[in-house]
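This report concerns only the one structure given below.
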Amino acid sequence: MRAYDIKALRQLIGLSQSEFAQLIGVSELTVNRWEGGHVQPKRMSIKRIESLVGAKNLQVVQSTLIHNLPLLEVAEDIKKRINECKRRNGSPAAK
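Going by UniProt numbering, the first residue of the sequence shown is number 1, and it counts up by one from there.
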């Protein structure tokens, strides 16, 4: 996963580095280092990102379009997944 893929995905779904880090179980510094290209995410972190946003949605973001699915539809699906995750974790922001 490339540095700009991570940053684009995070920005597309409207999360800060801190929020994104919390949802995938890493530190904000780790996300910052990924986005800066200083380190590559470990396989487990990539799996967590895929689980959070959906593997298909991640592919769309990485390749811009897949199967002619517009990015706006992907963004909406990812936002729904994020809100579901927040609800499961008891985040008051999702209620």
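Note that beta-carbon positions come from the ideal geometry of N, C-alpha and C, so glycine has one too.
If you're wondering where the values come from, they're calculated on a predicted model, not measured in any experiment.
Open item on the list: Using a Cβ-Cβ cutoff of less than 7 angstroms, which residues in the same chain neighbour Asn-32 once the five nearest sequence positions on both sides are dropped?
Closed with: Gln-17
TODO: Tell me the start and end of each unbroken alpha helix (DSSP H) in the region 26–63 that is at least 4 residues and wholly inside, in chain order.
DONE: 28–35, 43–53 and 55–63
Task: Three-state class that DSSP yields for Val-16 in the structure shown - done: Residue identity check: residue 16 is Ser in the sequence provided, not Val. In the structure shown, Ser-16 sits in coil (DSSP, three-state: anything other than H, G, I, E or B).
Open item on the list: Assuming contact is defined by CB atoms lying nearer than 8 angstroms, are Glu-35 and Ile-13 in contact in what I supplied?
Closed with: no
- [ ] Using beta-carbon positions only, say whether Leu-52 and Arg-88 come within less than 8 angstroms of one another.
- [x] no
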